[in-house]
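Colleague: The structure under discussion is supplied below as structure tokens; questions concerning it will follow.
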Amino acid sequence: MDAAIPTDMDHTGEVSGTAGDGGTVVAETTPAAAAANLLTTTTTSPFRFPRAANYDVLDSSFFTRQSPPNSQALPSPDLVRCVSLSMQARIRPRLGSFLRPPVVFFRHRGLVVKYGHQVSVAEAHCLLFLRRFCPDVPVPEVYGWRQDGRQTFLYLELVEGYTAAQLWPFLPANDCAALGADVRALVETWRRLPQTLVANLPFIGHANGQSLLDWLFINSANPVAGPFPDVARFHDWLVACSDSQANANELPLAPPAPPRPETSSAAQIDRSLLPDDAPIVFTHGNLSLSNIIVDPERGLDGRLRIAAIVDWQQAGWYPDYWEVCKLNWHQIVPQWGSGEWADRYLQLKRTREECWEGWERIMLRRRM
């Protein structure tokens with residue numbers, strides 16, 4: 001499916017569109033958007049991300065498979081909330097929250113809705129980008145999105161299968177090794193994506209050129225995470241924030257405040273271990289077993305088949321060591337992933353082994 005670009009307003013005030021070069025973009029006035037504009041307004045890009053708050057991808061299979069086409073609308077936010085409350089009441093009280101309720105399934109329509117205060121349209125942007133420029137990487141199709149109050153609703157393809165986390169305890173070693181090799185090949189595929197597809201200036205930021213949404217950054221004590229014009233400025237920001245010296249009101253591209261003298265020694269040591277010459281590559285940022293969907297049917301060769309890689313909200317353009325460091329981080333935060341998966345089976349090349357020690361200390365300070 002080609003990327004969707006806003007083209008017109010329908011009678012509901014929502015933007016609908018199909019692939020193209022023109023469109024209507026809803027203006028954003030947040031500090032993050034202002035910073036992103038510094039990167040994007042002076043560049044030309046072959047890919048334009050839809051900036052509308054409410055959007056239907058009319059050339060997606062959800063709409064084209066209807067008879068007649070486009071005859072049914074996506075479920076409204078109110079309907080999604082009602083189904084979610086009903087589901088939670090049946091399964092477990094207090095299962096969800098306003099920030100990130102459980103996903104809602106509309107199986108008869110091949111649809112899943114991911115919604116909440118901490119859900120971002122940036123994830124939908126990332127999926128549109130990957131489906132156009134990286135078709136060998138299986139990801140859910142995007143049908144549209146809505147923003148209602150303080151909550152965002154992403155309408156995505158329902159991918160049938162099991163998570164690798166569900167299967168992992170029961171898989172023989174040869175299946176684990178094959179799955180690791182297949183995921184590693186996918187990682188290498190998206191790392192080869194040229195950043196010039198979205199901007200002709202290098203930056204550290206989300207897939208769409210806006211702020212990073214890594215869960216290590218998202219809390220009320222931290223300023224907006226970028227975008228940053230280079231790796232060095234990103235590293236400066238990481239260390240400044242970990243040293244509790246970042247000014248939450250400054251623009252993301254402004255220089256970070258200097259660390260306090262009494263803590264500058266440790267901060268400077270950690271800063272020196274972060275390689276400013278690291279290449280910028282596309283990164284998933286959360287390759288845990290729970291984000292790998294395995295097809296319920298094996299291939300003709302008997303191998304497990306990856307149906308989809310999901311949960312791309314934390315993805316973006318990062319230094320090349322970031323994917324590996326996040327996997328290592330999962331090992332010291334056990335509920336986030338499996339150390340065996342990262343070390344023994346996925347075996348991503350550790351191109352920046354020397355920076356792990358400093359990176360780990362920085363992240364531990366951020367979580368204190």
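Using full-length UniProt numbering, the letters of the sequence shown correspond one by one to residues 1 to 368.
Where is the CB? At the ideal position from N, CA and C, for every residue including glycine.
1. On the three-state DSSP scale, how would you describe Ile218?
2. Go ahead and pull the three-state DSSP assignment for Pro138.
3. Is it right to say Ile362 is buried, meaning 16 or more other beta carbons lie within 10 angstroms of its own, or is it exposed?
4. First and last residue of the beta strand (DSSP E) that includes Asp230?
5. Expressed to the nearest angstrom, what Euclidean distance is found between the alpha-carbon atoms of Leu111 and Thr189?
6. Tell me, which residues are paired with Ala308 by DSSP?
7. What separation, rounded to the nearest whole angstrom, lies between the Cα atoms of Ala240 and Gly316?
8. Taking the alpha carbon of Val281 as the point to measure from, which residue in Ala267, Leu304, Leu193, Leu58 has its own alpha carbon closest?
9. Mapping DSSP to helix, strand and coil, what is Arg361?
10. Taking the alpha-carbon positions, what's the Leu79 to Pro279 distance?
11. Just to confirm my understanding: we take residue 369, look at its own chain, exclude 5 residues before and 5 after, and list those with CB closer than 8 Å. What are they?
12. Please go through the same chain and pick out, in chain order, the residues whose beta-carbon is closer than 7 Å to the beta-carbon of Leu304, but skip the five residues on each side of it.
13. Quick check: the Cα distance between Trp359 and Arg233, rounded to an integer number of angstroms?
14. Between Leu287 and Leu327, how many whole angstroms is the CB-CB distance? I'm expecting something under 8 Å.
15. Out of Leu289, Trp329, Asp320, state which residue places its alpha-carbon closest to the alpha-carbon of Tyr345.
16. Ends of the beta strand (DSSP E) at Leu154?
17. My guess is that Trp312 and Leu127 are in contact by the Cβ rule of under 8 Å, so how many angstroms apart are they, rounded?
18. With distances taken Cα to Cα, identify the nearest neighbour of Gln118 among Leu58, Gly149, Glu141, Gly205.
19. Could you pull out every residue in the same chain whose Cβ sits closer than 6 Å to the Cβ of Asn208, ignoring the five residues on either side in sequence?
20. Give me the residue from Phe203, Phe133, Val113 with the minimum Cα distance to Val159.
21. Check the DSSP bridge columns for Val112 and list the partner residues they point to.
Modeller: Working from what's here:
1. Secondary structure of Ile218 (DSSP, three-state): coil.
2. For Pro138, the secondary structure class from DSSP, reduced to helix, strand or coil, is coil.
3. Ile362 comes out buried.
4. Membership of Asp230 in any beta strand (DSSP E) is not indicated, and neither H nor E is assigned to it by DSSP.
5. Roughly 27 Å separates the two Cα atoms.
6. BP columns for Ala308 point to Ile293.
7. About 21 Å.
8. The candidate whose alpha carbon is nearest that of Val281 is Leu193.
9. Here Arg361 sits in helix by DSSP.
10. The C-alpha of Leu79 lies about 45 Å from the C-alpha of Pro279.
11. Past the boundaries of the shown model lies residue 369; the chain is included only from 1 to 368, so the question cannot be answered.
12. So the qualifying residues of the chain are Asp175, Ala178, Leu179, Val294, Arg298.
13. Using only the alpha carbons, I get a separation of about 15 Å.
14. Indeed they touch by this definition, with Cβ atoms about 6 Å apart.
15. Selection Leu289, Trp329, Asp320 evaluated against Tyr345 yields Leu289 as nearest (Cα-Cα).
16. In the DSSP annotation of this structure, the continuous segment of the beta strand (DSSP E) that includes Leu154 starts and ends at 151-157.
17. The C-beta distance from Trp312 to Leu127 rounds to 6 Å, short enough to meet the 8 Å contact threshold.
18. Among Leu58, Gly149, Glu141, Gly205, the Cα nearest to that of Gln118 is on Gly149.
19. In chain order, Phe49, Ala122, His125 place their CB closer than 6 Å to the CB of Asn208, counting only its own chain and leaving out the 5 sequence neighbours on each side.
20. It is Val113.
21. BP columns for Val112 point to Phe105, Leu156.
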